[in-house]
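Residue numbers (the working numbering): 19 to 205. Just so you know, even glycine gets a beta-carbon here, dropped at the ideal spot from N, CA and C.
Here you go:
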């Protein structure tokens with residue numbers, strides 16, 4: 019009997035050691051809960067009323083294309099991903115704090131309209147950094163949907179917040195005189 023109990027104890031010890039390698043509902047849920055954090059900086063300034071670069075007169079404006087891209091981004095996220103929204107019109111402002119409710123983000127984006135404000139890209143990236151700083155997510159990115167008209171060539175390039183990446187995916191939004199050199203990614 020003693021030998022059987024020792025064998026059983028050894029088998030239980032082996033199962034306990036192997037357990038972390040077996041995905042469970044609890045660990046799977048924890049991994050899923052903290053996936054990605056995106057702060058969408060959507061430029062709602064006056065310059066975004068211009069048509070997209072290289073487009074015809076009946077094409078979408080820069081704001082419409084940026085707005086569409088923001089909705090596409092939200093559609094590509096999964097449960098557990100967190101999103102916040104910052105408007106880059108002066109003064110930059112957080113319009114929606116970080117939330118994992120993708121329906122709330124979509125509704126807030128659908129209600130966003132363009133303004134006649136100047137652009138405050140530096141302020142918007144600073145606001146995005148504040149939102150990111152408070153969250154535990156590992157993959158943090160600021161998605162900059164802007165024509166970069168507020169970034170002058172003589173000014174300092176925009177810098178990614180510490181611990182995050184700055185991503186400006188839409189070349190078609192940029193004005194003819196501006197290039198991606200207005201942004202310095204910190205990868």
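- Spatial neighbours of residue 152 in its own chain (CB-CB distance under 6 Å, excluding positions within 5 residues in sequence) are not present.
- As for any alpha helix (DSSP H) of minimum length 4 sitting wholly inside the stretch 53 to 107, the runs are 80 to 93, ordered along the chain.
- In the DSSP secondary-structure assignment, residue 144 is not bridged to any residue.
- For residue 24, the secondary structure class from DSSP, reduced to helix, strand or coil, is helix.
- Within the model, the alpha-carbon separation for residue 94 versus residue 184 is close to 18 Å.
- For the pair residue 143 and residue 87, the CB atoms are not nearer than the 9 Å cut-off.
- In this structure, the alpha-carbon of residue 186 lies about 22 Å from that of residue 129.
- Excluding residues up to 5 positions away in sequence, 80 lie with their Cβ nearer than 6 Å to the Cβ of residue 68 in the same chain.
- With contacts defined as CB atoms closer than 9 Å, residue 106 and residue 64 fail to qualify as a contacting pair.
- A distance below 7 Å between beta-carbons, with the five flanking residues on each side excluded, links residue 112 to the following residues of its chain, in chain order: 102, 104, 145 and 149.
- The beta carbons of residue 188 and residue 83 sit about 7 Å from each other, so the pair counts as a contact at 8 Å.
- One thing to note: residue 116 has its Cβ within 9 Å of the Cβ of residue 57.
- In this structure, the CA atom of residue 159 is about 48 Å from the CA atom of residue 27.
- In the structure shown, residue 112 falls within a strand segment according to DSSP collapsed to helix, strand and coil.
- Under the DSSP assignment, residue 156 falls outside any alpha helix (DSSP H); it carries neither an H nor an E label.
- In the three-state reduction of the DSSP assignment, residue 176 falls in the strand class, which pools E and B.
- Around the beta carbon of residue 131, fewer than 16 other beta carbons lie within 10 angstroms, which makes this residue exposed.
- If you draw a 10 Å sphere on the C-beta of residue 127, you find 16 or more other C-beta atoms in it, and that means buried.
- For residue 141, the CB contacts under 8 Å within the same chain, skipping 5 residues up- and downstream, are 106, 108, 109 and 110 in chain order.
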